[in-house]
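Peer 1: Note that numbering that gives the first Met the number 0 numbers the sequence shown so that position 102 is 101, with each residue one more than the last. Pasting a structure below so you can have a look.
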Amino acid sequence: MTTNRNVGEPLKTPNGRVCELVDEETASGGQSSRQYHNGILETLEEADYEVYTLITKEYQRRQDTIQLVAAENQCSTAVLAALGSIIQNKTAEGFPGSRLHGGCNVVDEIERLAITRAKEAFNAKYANVQPHSGTAANQIVLTAVLQSGDKILSLASDHGGHFSHGAKISFSGKFFNVENYLVNQETFLLDYDSIKEQALRIKPKLIICGASVYPRKIDFKIFRDIADVAGAYLLADISHISGLVIAGAHPSPVDYAHFTTTSTYKPGGPRGGLIVMGKDYNQQISVGTKSAPLWEHIQNSTFPGTQGTPYLNNIAAKAVFLKETISDEYKTRQFKIIENAKSLVGSLLNLGHTILTNGTDNHMVVVNVANLREGLTGIISQRCLEQCGIIVDKVSLPYDKNDPAAGSGIRIGTPIVTKNGMGTKEMENITALMDAVLRKLEIISESEYKIDESFRSEIAENIKQLCSRFPLR
Ligand SMILES: *Cc1c(COP(=O)(O)O)cnc(C)c1O
């Protein structure tokens, strides 16, 4: 209810009592939203010095070392503000306009804004901003269209697929009947002919494409053709490349796949997940005994299917992030991310390294370290590089002969260095330092090594100097 009365004018209630109306400042105890939200870190410093100190330490670690984790990014401080806001306190099970709780008018607007922006960013007809994570987004899709025991065809997790695509150790492998396709043994590329042959043979209900370790373009159109002839749904999980897709730096799956999922932190937003759908969103389909449009199955399997109350502060932060993605700065940066990755490939090849698929089309470079030196493993490389201030991930390579705990490769990614403003010149510096470390370390076993301390500290100092020219953004 709104009134036209002026602040300060007394209000007559129906029982005749008179209430004093006060101005906004006094009404909220003299505190505005801005004052409430200002100085959040100062509050934490007073309330919990231990956690405050750890946060400060993590900031310094990030500033002083090079972040090359391909599965990581760095959101803006505007996104952080939305995450750390009063919106975190709102419980709102359900969807905008149909919640199970009172007081949802503001968060309804926030969620609708996030949905509109997600549809705009991905050129989609439907968007669901509620998934708690990329894994949760996949769980929602799987449980929306599959019954337990139904067949999934997906990329093997030791060939670059994600656990949530049907790995035995994940819910997706436990409740569904999963078969995997592999990359080609010589080229390490997806072999669409053999995937098609396999799909026709096993007739899966769902095909999943998209990967965590795959440096090349994925042809979503061919995947859809395969799904169509096999009578399967297609899920494209673009967690790693969704920023590139938004910018047009990688072809979009949105109108080819029935469902497109992504984590929202990998393209540079807050933690969380997202599901978008293109032209098939409204197709009427039956799952079990229920016939409904495809998007409605997704809604139901989100809430109450697999999640309770959505994280509305994350949804507010997703909205902030999605607005950023339609800016020129964001779009240009996605192309620079690829340029930097290609530059890493060039320098590494010059220095005699072996690169999976001999190059990259995206933000990721996968190096076969076992080919550089006899006995060198991914885990030794990761640990020793970290000691020198260079943060990467060890990975198993397709057809890896090493134990998965050791792995034969490292995966490096360029989203964060690019965000902080580094370019191809810096990529060359970083590669030279990485190369020096990988050649210098003394291999003791699959997981143990030694590194000369004065050499290590010299590299670490070099890295710190380099990073100091690029303050975190
Ligand atoms: C990282 C990743 C996910 C998981 O996202 P979370 O938000 O960490 O759960 C899902 N799929 C792929 C392909 C990924 O690389």
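Where a beta carbon is used, it is the ideal one built from N, C-alpha and C, also for glycine.
1) Got a sec, what are the start and stop residues for the alpha helix (DSSP H) isoleucine 86 sits in?
2) Run through the DSSP bridge pairs and tell me what asparagine 127 is partnered with.
3) Write down every uninterrupted run of the beta strand (DSSP E) in the region 208-243 whose length is 3 residues or greater and which is fully enclosed by it, in chain order.
4) Three or more C-beta pairs under 8 Å: does that hold for the region 93-108 against the region 203-220?
5) Counting C-beta neighbours from all protein chains within 10 Å, is the total for aspartate 392 16 or more, i.e. buried, or is it exposed?
6) Would you kindly work out how many angstroms separate the C-alpha atoms of isoleucine 450 and isoleucine 462, rounded to a whole number?
7) Quick one: using the 10 Å Cβ neighbour count with 16 as the cut-off for buried, is aspartate 192 buried or exposed?
8) Ligand 1 and aspartate 392: does any heavy atom of the ligand fall closer than 7 Å to the residue's C-beta?
9) If distances are taken between C-alpha atoms only, which option among Thr356, Ile337, Ser456 and Thr288 comes closest to methionine 426?
10) Quick one: Cα of phenylalanine 162 to Cα of phenylalanine 258, how far?
11) Short of 6 Å in beta carbon distance, which residues of its chain neighbour asparagine 5, apart from the five on each side in sequence? Order them along the chain.
12) Under a three-way DSSP split, which group does aspartate 157 fall into?
13) Given this structure, state the Cα-to-Cα distance separating glycine 230 from isoleucine 151, to the nearest angstrom.
14) Given a threshold of 16 other Cβ atoms within 10 Å of its Cβ, counted over all protein chains shown, does serine 285 qualify as buried or as exposed?
15) When you compare each of Pro252, Leu311, Ile297 and Ser251 to arginine 270 by their alpha carbons, which one comes out closest?
16) Could you check what DSSP says for aspartate 302 in three-state terms: helix, strand or coil?
17) Please confirm if the region 36-50 is in contact with the region 360-373, defined as three or more CB-CB distances below 8 Å between the two stretches.
18) Going by the CB atoms, is the gap between proline 250 and methionine 363 shorter than 8 Å?
19) Quick one: Cα of threonine 260 to Cα of phenylalanine 454, how far?
20) Where are the beta strand (DSSP E) runs, 3 residues long or more, that stay fully inside the region 353-416, in chain order?
Peer 2: So, to answer that:
1) Residue 86 sits at position 87 when you count from the first residue of the sequence shown. Segment: none, isoleucine 86 is in no alpha helix (DSSP H) and carries neither H nor E.
2) Counting from 1 along the sequence shown, the entry for residue 127 is found at position 128. Answer is Ile274.
3) 232-236
4) no
5) What you label residue 392 is simply residue 393 of the sequence shown in a count that begins at 1. By the 10 Å Cβ count, aspartate 392 comes out buried.
6) To locate residue 450, count along the sequence shown from 1; it is residue 451. To locate residue 462, count along the sequence shown from 1; it is residue 463. Between isoleucine 450 and isoleucine 462, the C-alpha separation is close to 17 Å.
7) Looking up residue 192 in the sequence shown gives position 193. Exposed, because fewer than 16 other Cβ atoms sit within 10 Å of the Cβ of aspartate 192.
8) The residue labelled residue 392 in the question sits at position 393 within the sequence shown. False, no ligand heavy atom lies under 7 Å from that Cβ.
9) Within the sequence shown, residue 426 is the residue found at index 427, counting from 1. For the residues Thr356, Ile337, Ser456 and Thr288, the minimum Cα distance to methionine 426 belongs to Ile337.
10) Here residue 162 is taken as the residue at index 163 of the sequence shown, counted from 1. Here residue 258 is taken as the residue at index 259 of the sequence shown, counted from 1. Those two C-alpha atoms are separated by around 18 Å.
11) Here residue 5 is taken as the residue at index 6 of the sequence shown, counted from 1. Any answer about asparagine 5 is weak, because its pLDDT of 48 lies below 50 and its placement is not dependable; what the coordinates show is given next. Cβ within range, chain order: n/a, list empty.
12) One-based indexing of the sequence shown puts residue 157 at position 158. DSSP places aspartate 157 in helix when its eight states are reduced to three.
13) Within the sequence shown, residue 230 is the residue found at index 231, counting from 1. Within the sequence shown, residue 151 is the residue found at index 152, counting from 1. Rounded to the nearest angstrom, the two C-alpha atoms are 12 Å apart.
14) Mapped onto the sequence shown, residue 285 falls at position 286. Exposed: under 16 other Cβ atoms inside 10 Å.
15) Looking up residue 270 in the sequence shown gives position 271. It is Leu311 whose Cα lies nearest to the Cα of arginine 270.
16) Taking the first residue of the sequence shown as 1, we reach residue 302 at position 303. Note on residue identity: the sequence assigns phenylalanine, not aspartate, to residue 302. Phenylalanine 302 falls in the helix class under three-state DSSP.
17) no
18) Start at 1 with the first residue of the sequence shown, and residue 363 comes out as number 364. Start at 1 with the first residue of the sequence shown, and residue 250 comes out as number 251. Contact: no.
19) Here the question's residue 260 lines up with position 261 in the sequence shown. Here the question's residue 454 lines up with position 455 in the sequence shown. Straight-line Cα distance between these residues: approximately 44 Å.
20) 363-367, 392-394 and 408-412
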